[in-house]
Structure formats: C-alpha cells, structure tokens
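Residue numbers (our numbering), protein chains in the order written: chain W, 6 to 348; chain Z, 6 to 348; chain P, 6 to 348; chain Y, 6 to 348. Yeah, the Cβ is synthetic: ideal placement off N, Cα and C, and Gly gets one too. Here is the structure we will look at.
Number of protein chains: 4
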Amino acid sequence: MAAEAIQQSAPGAPRVIVAGATGFAGALAAELLWRHPDFELAAITGRSEQGTRLDELYPRYRVPLEIEQLELDALGQLDAAVVAYPHAAAAPTVAALRERGVRVVDLSADFRLRSRPTYEQWYGEHTRPALLSEAVYGLTELHRAQIAGAGLVANPGCYPTASLLALAPLARAGLIADVVIDAKQGISGAGRAFDDTTHLSMAGENILSYKVAEHRHTPEIEEQLALLGTDVRVQFQAHLVPLDQGELASCYVTPTRTVSASELAERFEQAYGEEPFVEVADAPPGTREVYATNFCRLFAASDGHTGKLVILSAIDNLWKGTSSQAVQNLNLMFGLDEARGLA
Amino acid sequence: MAAEAIQQSAPGAPRVIVAGATGFAGALAAELLWRHPDFELAAITGRSEQGTRLDELYPRYRVPLEIEQLELDALGQLDAAVVAYPHAAAAPTVAALRERGVRVVDLSADFRLRSRPTYEQWYGEHTRPALLSEAVYGLTELHRAQIAGAGLVANPGCYPTASLLALAPLARAGLIADVVIDAKQGISGAGRAFDDTTHLSMAGENILSYKVAEHRHTPEIEEQLALLGTDVRVQFQAHLVPLDQGELASCYVTPTRTVSASELAERFEQAYGEEPFVEVADAPPGTREVYATNFCRLFAASDGHTGKLVILSAIDNLWKGTSSQAVQNLNLMFGLDEARGLA
Amino acid sequence: MAAEAIQQSAPGAPRVIVAGATGFAGALAAELLWRHPDFELAAITGRSEQGTRLDELYPRYRVPLEIEQLELDALGQLDAAVVAYPHAAAAPTVAALRERGVRVVDLSADFRLRSRPTYEQWYGEHTRPALLSEAVYGLTELHRAQIAGAGLVANPGCYPTASLLALAPLARAGLIADVVIDAKQGISGAGRAFDDTTHLSMAGENILSYKVAEHRHTPEIEEQLALLGTDVRVQFQAHLVPLDQGELASCYVTPTRTVSASELAERFEQAYGEEPFVEVADAPPGTREVYATNFCRLFAASDGHTGKLVILSAIDNLWKGTSSQAVQNLNLMFGLDEARGLA
Amino acid sequence: MAAEAIQQSAPGAPRVIVAGATGFAGALAAELLWRHPDFELAAITGRSEQGTRLDELYPRYRVPLEIEQLELDALGQLDAAVVAYPHAAAAPTVAALRERGVRVVDLSADFRLRSRPTYEQWYGEHTRPALLSEAVYGLTELHRAQIAGAGLVANPGCYPTASLLALAPLARAGLIADVVIDAKQGISGAGRAFDDTTHLSMAGENILSYKVAEHRHTPEIEEQLALLGTDVRVQFQAHLVPLDQGELASCYVTPTRTVSASELAERFEQAYGEEPFVEVADAPPGTREVYATNFCRLFAASDGHTGKLVILSAIDNLWKGTSSQAVQNLNLMFGLDEARGLA
C-alpha cells in the first residue's frame, strides 16, 4: 500500500484540471494541485500516454490519476484549468475553456505578449488573437491585483520570471540604461525532449549556450520592462548546465546614473520586503537554495570598478519559473492566500 | 602489473620538475610531463604528502614517482620547472630556481601582472618584484615569440585565458567599447580545497556565483587588453556549476561601431586560422568538446537586435586554462613543436 | 522578506531540541521539526558553528534559529531530543537527557545493538552500557509498539533500514539460507566530511566501494534478522555513487526452499499492505522516486535461472534512512499519527 | 583552424573501416583508429546521419570523416572492420565482410556465444550460424593466442569483460561454488538511446536496477566460466548510476573451500602480473581511475566473517568494455603490440 488514492481536498473546493500533464510542467502542476488542500484535481489530460497513471509515468510524483483525452463535455463542472501545451497548440484549448467560463492559467507563450505582431514574429500566426487583450501577465509580484480578477492568466516563462524579478526595482526607477542577462539553467528546462541536449552522456560534464543572439524570451522581458517605464533592448543569453532543476539569471545593468550600494539595498528592500516568495539575500544565492520551492532569491551589488550593477536571481525553473507560480496565481484567482499549498 | 615505472622520454631530454604536485594543477602538469616524449620528469615535490606516490594520491594519473620535499641542491642538473604553488608562496621558489638558471613556468598569479601596485592591491606585498620585468605572460597565442626566449613564463589564469582568446581579435582592432564577461566553471576550478563549494552534496544540483564585483582576474584581463590597444573596464563575473573540468566564458561586447557578421567571422579566421589549439566553431561550443584537451573553441555572433557582439569561449580550465598551456609554453621554450605531448 | 521566523506549531506542543544540528542528519531533523505542526523546535545545538543561523549554514533549509551550545539547564522544560552526534560521542548526552526525563531519538549507533560485546568490537568501549537494555530499535515498521512507549529510541542506520525492510518478510518465514547485500548510496551518506570521497571532482564520474569486507552495519542487520528468527551471516558491501541523496540495497537471497513469484508477492503484500511508508512496486524502483520522502520502495523477484530471490529496496538515506524516520518515531512516541509532518 | 584533416598513419598501414559509427561504441572506435599510428581509418559508415562529419555528430571526437553508406564494393581494398551494429543486425554485415576476406571485430552479441540455442533463446533466430564456430571470443586476456590468428573476433560485452576478469583466476582453480555479480554502470552503457533512462532529469540523482532476473549477459559469462572449468549458474544484476563512462562489477563468490587472503593475492598476481592492461590494486578501485583507458583495475578480498570472496572490477564500459578492447584485439590480429595506440 501507500500513496493514498483519495485526494484530501476541502469539500466544495474548486475543480481544476491540468491539460497536458505528460510534460514536466504539467506533471508538476498536477502534483501540486493533488497535494493542495483547497483545490480538487478533477482530471489530468494528455495527447499521449492516455490510460497511464501519472505516478507510473513520473514515479517521483504521487498522483494516482490516469491521463485522459481532453473532452471538455465529459468533465462535468470545471472551475479552472492549467494548460501545459506547447506554444501555438495552447491557444485553441485555452479559447475552448474560456468559452465555457473556465478560468485558465496558461503555461505557454501564447498569451504572454500584448503585441500580436511581436508574437507572430517569433511563433507564427496567432490563432486566437481576440484573447490577447483579456490575458493578464502572470508574474505574481508585478500584477497581483489584475491576476486576482483574471479569467486568463499567461504564466511567464522561467527566464522572464527570474530576469524581471531582478530588474523590476531598477526599471521602475528608470535606472536601466543597458542590460545584459546571462541565464543558466538545469536540463529540465529543455523539457521531456529526448536528444543530445538532455542525454546525460552529452549534457553531463558540459556547459552549453544555445540560441545565441536569437532568444524568444527577449520580447517578453522587454515588453514588461516597458510597462515599468523602461524601454531598453535586452541582451539575453541562455545556457544549459548539468543539473536537473535550477536557474540563475545574472543581470549586468549599466545604470543611467551612479547607484550606491545603500540605494540599491533600499530599493530591493522596498520592492520585496513584504513579498512572501522573494528573498533578498546577503550573499550570492545558489539555485540549490530554492530547489523545489516557489522562492526567488535575489542578490544585488554595485560594482565600484565599472559602475555597473550586478543582480543575481535564483529560482527553480520548474517551480517559481513555471508550475508553482501557476498555483500561486490560481490561489489569487480563487481568493486564497497565495502561499496556500506551496509552503 | 601495469603502470610502467620507467618513463619513456628521449635520451638527453631536458630535465623538468613540478613543484607543488599535490594540487590539481601540479598533478596534471606532472602527468603531462611524465607522458611527454621529449621531457624527463626529474622529480615532483610538495609541501605535504611527501613520500606518497602521485598515482596513489591521484589514481587516475599514472605517475609512479613519490612526492619529495623541494631541495634544489639535491636535484642535480635541472633545465626547467613548473611551479604550482599558491599566489605569494610561488615567488620565492621561482626566484631560487631562476638564480640557478632553471627556466620556469609559474602557474600562480605572482608574475602575471606587469604593474606591481596592481598586484599588491589584490595579493599583498610582492616579495620578488625584481622578477616582474623578466616575466613573459604565457598566453601562448598572444606572446609566442617572447615565450620562446623567456626564462620565466607567468602562465595565465584560466579565466583570462578563455576571455582573452575571445576578445583579442576585437581588442586589437579597437572594437571594444564595453564588455561583460560571464564565466562558468566546473568544480575543479576551486582546486583541492574541501569545503561547501566542492562537496558534491552542496556543489551538485547548484549554480553559484562567487566573489561578486570583486574578482581578482579583472586586472589581468584589463592589462592584456591594454597591451592590445584597448583600455576598458571589464565587468567580470565567475560562477561554479556542477561538473568537474570545463569553463565557458560568455563575452558580451558593446562595439565601438557596427560590426557585421562577416567582418566578425573574418577577424576570427584571420586571428586563429593558423593556430593549432584555437578552433573557431560553427555552433556554440560545449565545454565537453574540449574536455581534457589543450583546445580553446570559440564562437562569435553579432546580435542584430542589440548591436552587441557575443563571443563564447570554451576551454578545459585545468588543461588549456592551466597545465597543458604550461606544457605548450615549455615546448616553445625548448624549441619543440608547441603541440608536442599534447595531441 | 520571506522565511517566517516564527514557527507555526500548535500551542502546548511538545518541546524538542536537536543536538548536533550542524551535520546533514541533524540539520534535516531540525528542518522537519521546524515545519512540523505538532512539535515546537525549542533549540538546535552544535559543538561548532555556535551563533550561526541554520538557514545560513544550510540555505536550502528554512530554520531561522541560531546554533547554540548544549546547556541542558538553560533550556527550560524539554519533552524530547533528537541526538545527532557521532558514534561514541552520543552516549553521554543521551544519558544526561534521559536523567532529566527527556525522551530521546538517538541517530548514532550507540544504542542500536543489544549486545554490548558486539558494540565494543566495532566502536570501542561503551560509556553508558546501562542504557542498552532500555533502548528500542527504531525501525518503525518492525518495532512500532515498543517505540510508542519508549524513552530511548535508537534510530537505525540507513543501510540496515533499507536492508531489513527488504529482508524482514523472508526472515520471518525462515526463508533465508544465505544473503548478499550490495548497497549503493549518494554522497550525502558520507556526511559533511570534506575529503576525497565527497569532492565533486573526485566523487563525480565515479563508482567506489568502501570498507570492503569490514562494514560496521553488518552486526546491526544480523542482530535484527536474528530477532526475526533467522540466524545468518550477512555479506554486506557499500558503494558510493555520484548523487546527493538516495540509497538502493540490492539483496540476493539464497532461499531455504523454492519460493515462487506468487508466494513472494503475497508475503510482501501481507507484510506491507497496510504500511503508510512502504511501497511494494511493480517495477524496479529508482531512488529518485523516494527522494526527499520517508518512503521505502521495494521490488521482489524470484530468479528461475538461479533459484535465488532478488529484493531491491530504495530509500532516501537522509530521510527514511535517518532523519524523517526519527520524526516518524517521535510521532509515535507522542501519540501522533506517524505520518504527521512527513506527507 | 585546428583538427588536422589528414590522418598521420604509417604508409602501408592496414586499412580499417568502422561500420556503425553513429553510436557511442562505433564513434569511439573510429576516434581510436583515427589516432592510431599503425592503422588507416579508410571509412566510417552508418545507417543514419550519412553525409555528417563525425566531429559534428560528436564534437568531442576529432575524426573529420563523413559518415557514409556501407557499400563494400566502393571501398577498395580493406584489411579489417569494426562492426558496431545492434544485435542481429550485425551478422549479415559480418558475413559479407568475411566473404571478402576482411578481418572483423564485431561489437555485437551475434558471435559471442558458442551455443546457437543459447543465442536464439535470447536474441531470436541466428541468420549466420555457420560463422559461430569461426568466431573467437575477444576477451584479450583469456584468448590472446586465438585472437592473434582470428578472422572474426566477437568482442565481449562490457559486463562480461569486467566480470570475467574478476572471476577467471578463481574459475581456473575450481574455487567458485556460487557467485553473485552486482554491476553498476554509467549512462553511456544505455547507448545513444534517448529515453527515461538517459535523460539527465531522470537519470540524474538516481540509482536504478534494470532487467531484474533476466539479463542477457548471464549466458556469455557462464559459457566462458565453463571453458575455464567452472560450471555455475551466475546471479547477475545490472544497475544504472548517474555518470557517463564507468563500470564496477562487485562479485561475491562462495568458494568451494576456504581461500586465504594470501592465496587470493597470489592467484591474482599470477594471473595478471604480466598483463599490460589489468591492474591488481591495493585498495578498492574507483571507476574514475580507469576513465577513458583500456585498463581493468581489480581488488580482491577474503571476508573472514562470511567466508566469501569479494572481487571488485572497474573498467570504462566504453573503452575496455567495448571499443578500446576492440583496438587491443585488432592490434593482436595484425601483429602489433597490443597496447599500440592505447597508451
């Protein structure tokens, strides 16, 4: 015996599904919702592996539900959905759910950008552009109020999550003249793809940058910085390093004016002093410190030699970078404490 | 039986010692010289572990010699030495060797900087400043001619090696207005120190930046760039990632003018087309590709969105970054093909 | 802000200390008790690092308490203690706690063996032998009833935990004629020792057996098997493999008579069908499946070719193998659901 | 520039091809033959990736040849071939090569077993059974003389290589009454397959046994032990652990009579004292010590408590376990020093 097959959620809890539970992001979202005291995980669906139990596909997780085909009519009353489909594939499902009044957190890039032309430059034609204006960008710490009332939340990418939490206090103050973001991430960031970048015999003992000078996450970061009042072209570069879950964004900011260490500390304290999931650390944070948590841990330094600001931002790419932030947002959407089920 | 206890070097080969063979750098230098067809490894010394055979201390290496105390008078005629002592500890030994006419490759920072005040700012008082002017900076590709005739070669740090090979073609052409170097390195870079940064249970599943906005390697890089005609304050940041040997320096250059992709390619081809150990790659290089080799593999891109140049530079921090570059330099100092014993 | 500095335990909860919280086992025990809803973590002590907060020493944990010197008189009313001292060092502290009526779970080997001569053969003189008869062996699934009423619980070693859970159903039935246990464990099993076996550059890319034909855990396993009715000399061999937390004991049993697959399945179902933390799996379990959990996952097969039985047992050596089992036992000792704080 | 596109082999050197160079084993065989001073690597072939250069497919290797389709008629005069095809796929190609008089080292299982029924029980129908009697089992240390004159050498599996080198001295002396072999291997042993067992996010932080009580390598080991005079049913179990290259076979022998430590040492010294690639170590060998070498490192102990013998055998599964042993055999087949190109 062991893993209890009956979820211990509160009676009358909102019924949630995870669509696309076979990938890393969807599977973790399912696990978090299964353990959540105030949501009922009504179903998990997938386009493959139907009939397989999630705890067989991912034995480290404890969800005893079978993966089903997504048939909205058969699912009964639904209150919410986490959609974990690839980019472009998500939009039609999100639209179908919204038509039924189901509140959605979408993990894809389909509704993250406000600008349709920018989206289409990177991802091809947008099949449900009408929903773009409804979507709220789900970086909780930046858009908490709108998320609470949203029908559709576009969960940020993991790179924008780490980067924007690092840069927001500076962007708001108009302090960013130029910025380089060098991000490093564990192999789970490549998803369940099986290839040269994920095989341990190739990803192990390796450091590899990818998509040099062409990364899709740049517009998402730039658009959000612009909303904070800073128009800047962001130099972003991603790297894969041999671990599973963990992401560090090292941000090098050329400030618009000299910023002292004490001003820097004050701005970060002011921005995040009350945040439940953002920690301003006294030392450079290792990603291990936030492994399997919803925390973002930040460290900010002013470099007297160059005049630049160095901001380090550590998250777990699968948690705060993806699935636990989705639950944080769901909590807000249903009037719960945003830490519910995550601490 | 197995590891042959008699070295197969040519008769009359120069006699070399490795002083400080108990650390990672010295042990590898000893291994490379033991296997080298044209040097005789006369002795290996250490301040600890005396009487221990190197192949017991490092079973992966095959040097059957015992670690001895360094007593120059007892060693007979010596032609060369690789000194692998910590910073500041190296200078007196280097001086004693030079007094006896022994040619030295020093792996420490003691003779890398031409400026004594800069050295003393970072490392404390210099006990043998008279030797500073004699020392040649041992980045082979930049100073080949002087190395060939040198009595004292100051082997570069691994970070400057990767960084300067990436930046030299641009620095020479006066193209660097500003530069950020984000370097990632395996745990061997922390040396044989046993602590929180090297314990697998803490270094594993981690990405950690260290010495934020205060790295000692910056002056070394800046001084060499200045010799190439570029005065610039370098933003350098180091990170540890969970692998053994490997280093990637990601360099983000704001150019003084627009640089096209074709100009960039041409400059790198021109700089390195004939170099035996520098490869200009068609794709971003993984450090795994240069594991346990003396190669540096470079990739250069011009980012149309930001106008910046992105140069990626992969080396093995213990090999090209330290010990095999020392052998490359020794080869030149003794009139041998610089690839001898390294291919 | 972030990690809440005030523990959320129930009013009137038993007050517990962790003595020896600087090592891996004690630190995790502190973390588990800090998060536990029904215990109050009254203090954490250590013989080094006094004045350091545990969340500085182990940033991945969230305990904001400072490590103190252990002074029993200054700690006020205590109900229980987890003692995480090295072997031999634990006994005097355990005795002092017991004299004050504090209930103890001891993580060392000091009270695991009933036979004082066997203890002294492996660990030297026992300084508090009078307590040997009081101690209950804390393998929860084997001694649940006695643990509930115990004043002193000797928490098992991680190897005996995995091995005995694998072998108990067979030992009870008198089915073991001979047994070989080949155990593999992650580097956390070597503890916070900093040396050749834990440095990532030596432990990485390695498989290493240690203490060949002389392992201390053998008598502990043999004594417990004897209590179950099986007298056998156990061939036990430990190995370190390059991961952090995880342990697999592969047990090869020569049975006293032929055991069919169905009998084997039935015996394991019967033994563990109602156990909350033992899972009998349908496929060989990876240790990753029980990472950071109190679960033991078992797989049993009968080999038609050799007639032997192969039992695989996966645990997290730091959790079920050490600290979470200590909490499981504490729960029982204080009349709580044994899964409290662990699910 | 860099990797020299012209191989430096001796004039008139035997011309060798590698058939199936896209997998791990074939690619390494190609690399070793490319660097070999006394063979000419005439071509590398593959059933996929045709037209791709091997140094693009495996950038860590330095072979600048393109992968071709295998067309024997187009290849000109050939002296030898290494065939690195999957089991069953190899036999027809081996036969075609033998018909042309090409000497073959076959890395598959197709010709390892002398008994056709045993082969067919595990692998299905044998399509070229006539060649079974011609084939020589390529464990160099056991069959050196026959290998030297062989037209077809069946290279052993990596598990049998490690296991048989551990057991041969005992088997020859009739000392094995019973044996359990618990083998652990890095992920490269799973080959270039992309799946749950090789993805770093699943293989990392994991220990996983596979094919419990049904491993195909058992008959190969048993057949060779029988040739040495020992008929025994072998309990063999394989495990995957999170590293790239490395294999440790832990062998637990119940001896037919008491074997003292000194007899054990003498038997191993006698068996391997003159072997160039087998080392009898004074301490349990880590696989890291033989990484990327053709060495097997052995350690033997007699357990006074149980009376059993524990033999530990460490190899690099891709090198001595596969490709470098193939080159060792090729050297013998062409009258070269067996260490040529491997030291």
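Closest Cα partner of residue i within the set the options
{"i": "Y/P16", "options": "Y/F44, Y/S193, Y/I22, Y/L33", "result": "Y/F44"}
{"i": "P/A89", "options": "P/D187, P/F116, P/E271, P/Q82", "result": "P/F116"}
{"i": "P/I22", "options": "P/S14, P/L38, P/A30", "result": "P/L38"}
{"i": "Y/D236", "options": "Y/A182, Y/E71, Y/R58, Y/V158", "result": "Y/A182"}
{"i": "Y/Y215", "options": "P/L335, P/A153, P/D201, P/T292", "result": "P/T292"}
{"i": "Y/T166", "options": "Y/H148, Y/V264, Y/A178", "result": "Y/H148"}
{"i": "Y/I192", "options": "Y/R58, Y/D321, Y/G56, Y/R221", "result": "Y/D321"}
{"i": "Z/S255", "options": "Z/V87, Z/T311, Z/A243, Z/L205", "result": "Z/A243"}
{"i": "W/L323", "options": "W/R40, W/Y124, W/A276, W/G162", "result": "W/G162"}
{"i": "P/V185", "options": "P/T259, P/A101, P/P281, P/S318", "result": "P/T259"}
{"i": "W/Y296", "options": "W/D308, W/S265, W/E252", "result": "W/E252"}
{"i": "W/E280", "options": "W/L317, W/A231, W/Q333", "result": "W/Q333"}
{"i": "Y/E210", "options": "P/R262, P/G179, P/P247", "result": "P/P247"}
{"i": "Z/F339", "options": "Z/T123, Z/L157, Z/A101", "result": "Z/L157"}
{"i": "Y/V217", "options": "P/K313, P/S14, P/L77", "result": "P/K313"}
{"i": "Z/G326", "options": "Z/T145, Z/A135, Z/A266", "result": "Z/T145"}
{"i": "Z/R65", "options": "Z/E104, Z/P42, Z/A32, Z/E71", "result": "Z/A32"}
Paired residues, beta bridge with residue i - DSSP
{"i": "Y/D200", "result": "According to DSSP, which records beta bridges pairwise, Y/D200 is partnered with nothing at all."}
{"i": "Y/Y66", "result": "Paired residue(s): none; Y/Y66 is not in a bridge."}
{"i": "Z/E45", "result": "Z/R20"}
{"i": "Z/S318", "result": "Z/A254, Z/L303"}
{"i": "Z/Q242", "result": "Z/D187"}
{"i": "W/S214", "result": "W/H244"}
{"i": "W/V87", "result": "W/V23, W/V110"}
{"i": "W/R283", "result": "According to the sequence displayed, residue 283 of chain W carries Val and not Arg. BP columns for W/V283 point to W/C301."}
{"i": "Y/R58", "result": "Y/E71"}
{"i": "W/I226", "result": "According to DSSP, W/I226 bridges with nothing at all."}
Closer than 9 angstroms at the beta carbon, the chain P residues around residue i
{"i": "W/R345", "result": "Ordered by position in chain P, no residue passes the 9 angstroms Cβ test against W/R345, which lies about 14 angstroms from the chain."}
Assigned exposure category for residue i - 16 Cβ within 10 Å defines buried
{"i": "P/D111", "result": "buried"}
{"i": "W/K189", "result": "buried"}
{"i": "P/E294", "result": "buried"}
{"i": "W/E9", "result": "The pLDDT assigned to W/E9 is 48, lower than 50, so where the model puts this residue is not dependable; a value taken from the coordinates is nonetheless given after this. Counting Cβ neighbours within 10 Å, W/E9 comes out exposed, since fewer than 16 surround it."}
{"i": "P/R108", "result": "buried"}
{"i": "P/P224", "result": "buried"}
{"i": "Z/E36", "result": "buried"}
{"i": "Y/A348", "result": "exposed"}
{"i": "Z/G346", "result": "buried"}
{"i": "W/A7", "result": "Per-residue confidence for W/A7 stands at a pLDDT of 38, beneath the threshold of 50, marking its modelled position as unreliable; no derived number is given."}
{"i": "Z/G179", "result": "exposed"}
Where residue i meets chain P, residues with beta-carbon distance less than 7 angstroms
{"i": "Y/K313", "result": "Q240"}
Chain W contact residues for residue i, given Cβ-Cβ distances below 9 angstroms
{"i": "Z/C310", "result": "Here the sequence assigns His to residue 310 of chain Z, which means Cys is not the residue at that position. Here the neighbours are A218, E219, T223, R238, V239, Q240."}
{"i": "Z/A159", "result": "Near Z/A159 there are no residues of chain W at all, since even the closest Cβ is about 22 angstroms away, more than 9 angstroms."}
beta-carbon residue i near the ligand NAD non-hydrogen atom, thresh 7 angstroms
{"i": "W/W39", "result": "The model on display carries no ligand, and the ligand NAD is accordingly not part of it."}
Proximal residues of chain Z, C-beta to C-beta of residue i below 8 angstroms
{"i": "P/H204", "result": "I192, R197, F199, T203, H204, L205"}
Near-chain Z residues of the segment 290-304 of chain Y (beta-carbon distance less than 9 angstroms), N- to C-terminal order: P290, G291, R293, E294, V295, Y296, A297, T298, F300, R302
Cβ-based contacts, 7 angstroms cut-off: residues of the segment 56-78 of chain P near chain W: P64, R65
Which of the residues in the segment 209-225 of chain P, read from start to end, lie with their CB under 9 angstroms from any CB of chain W? G209, E210
Which residues of the segment 180-198 of chain W have a Cβ closer than 9 angstroms to any Cβ of chain Z? Give them in chain order. D183, V185, D187, K189, Q190, G191
Which residues, in chain order, does the segment 245-268 of chain Z contribute to contact with chain W at a C-beta distance below 8 angstroms? From the segment 245-268 of chain Z, only V246, P247, L248, D249, Q250, G251, E252, L253, S255, Y257, T259 have a Cβ closer than 8 angstroms to chain W.
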